Amino acid sequence: MLVSKNDIIKYIKEIPPTPTSVKNTLLFLKQGELKKAAIEANKDIVLKKQIEKVVNSAYFALQNKITDTVQLFSMLGIEMVKSLVYAYLVSLLEPKKWQIFNIPFYDFQASFMKNFEEYMILEFSKNEYKKYAEVGAIIPAAVCVCDSLLGSKKKEVEIIMNSAPIEYGTLLKRLTGYSLFDIAGIISKEWGLEDEKIEIVKKSDCSSCDNKYSALVHFLFFYLSSQKNFLDINSLIEFNTKCIEFIPKTYERIVNGSWRVTKELGISV
Numbered sequence: 089m090l091v092s093k094n095d096i097i098k099y100i101k102e103i104p105p106t107p108t109s110v111k112n113t114l115l116f117l118k119q120g121e122l123k124k125a126a127i128e129a130n131k132d133i134v135l136k137k138q139i140e141k142v143v144n145s146a147y148f149a150l151q152n153k154i155t156d157t158v159q160l161f162s163m164l165g166i167e168m169v170k171s172l173v174y175a176y177l178v179s180l181l182e183p184k185k186w187q188i189f190n191i192p193f194y195d196f197q198a199s200f201m202k203n204f205e206e207y208m209i210l211e212f213s214k215n216e217y218k219k220y221a222e223v224g225a226i227i228p229a230a231v232c233v234c235d236s237l238l239g240s241k242k243k244e245v246e247i248i249m250n251s252a253p254i255e256y257g258t259l260l261k262r263l264t265g266y267s268l269f270d271i272a273g274i275i276s277k278e279w280g281l282e283d284e285k286i287e288i289v290k291k292s293d294c295s296s297c298d299n300k301y302s303a304l305v306h307f308l309f310f311y312l313s314s315q316k317n318f319l320d321i322n323s324l325i326e327f328n329t330k331c332i333e334f335i336p337k338t339y340e341r342i343v344n345g346s347w348r349v350t351k352e353l354g355i356s357v
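Numbering-wise (my numbering), the sequence shown opens with residue 89 and increments by one.
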């Protein structure tokens, strides 16, 4: 293997430790203290700027740019803010220079989190979303790690890709033994998520497709990565149509909202 499993774990472990202000922000959020969390987050300039960057990205489509942390937190609510704090941790993983995937990453990150919130609530319930909100923030982190790992072996990757047609997801697994969602699972564990949430993340590969939350994650990743701006990461996973059986409401809403989706997903309705 060009990239060993130890290389992946070492890369993630070398991430700078979580700042105290971020830990306190998450603590207040878990206690339901939104204003206290906002005041704590305001102490960390990098965290504040990161949240502003995601919220003011194209996907949220705000009419006016918002920079006041308390206002931002109040507008978004506890669960979305919690996801954004984890999104800040994702920024620690982002490559200084993207080597493989040419995508507007913050737009993808914001899109994934917003869609995860919307369809978790639609398909299951608001309480279920609140319980698993962090999952929506973790998945984009794996894209960063994949780019860094493959980018560190860019010459070798280019030789392989030029010699025979191969999907990035297949290449990743050959080089590391891990899938995109396996890597997301490692990140989840390193960041202290509960075992149940780690399992949801890892099962989002949908090789067996037996977890309803994982099925939603799988579907949303493929659906979003099928969009023009994010096509570079589309081949990181192999889409399993079985996931649709677990998320009929999501599938129906997306299909009804866009005639292109059935073509993108290769499904007839």
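Beta carbons: idealized from backbone N, C-alpha and C, even for Gly.
For clarity, every value in this text was computed on a predicted model and none was experimentally measured.
Our two residues, Ser295 and Ser109, have alpha carbons roughly 39 Å apart in a direct line. Contact between Asn130 and Lys136 holds: their C-beta atoms lie close to 6 Å from each other, under 8 Å. DSSP, reduced to helix, strand and coil, places Phe327 outside both helices and strands of the structure shown, so it counts as coil.
In terms of CA proximity to Tyr266, Leu237 leads the group Glu278, Leu237 and Val245.
Across the set Lys330, Glu167 and Cys232, the C-alpha of Cys232 shows the shortest separation from the C-alpha of Lys185. At the C-beta level, Leu304 and Leu268 stay beyond 8 Å of one another. Here Leu312 is near Phe200, since their CB atoms are less than 8 Å apart.
Approximately 7 Å separates the beta-carbon atoms of Tyr220 and Ile288; this is inside 8 Å, confirming the contact.
In chain order, Leu308 place their CB closer than 6 Å to the CB of Asn203, counting only its own chain and leaving out the 5 sequence neighbours on each side. With distances taken between CA atoms, Phe196 lies nearest to Ser145 out of Ser145, Thr329 and Asn299. For Gly165, the secondary structure class from DSSP, reduced to helix, strand or coil, is coil. The beta carbons of Ile247 and Tyr174 sit no closer together than 8 Å. For Lys291, the CB contacts under 6 Å within the same chain, skipping 5 residues up- and downstream, are Asn299 and Ser302 in chain order. Annotated three-state conformation of Ala252 is coil, per DSSP. Beyond the five residues adjoining it in sequence on each side, Lys316 comes within less than 6 Å, by CB distance, of no other residue in the same chain. Between the alpha carbons of Phe327 and Ser314 lies a gap of roughly 11 Å.
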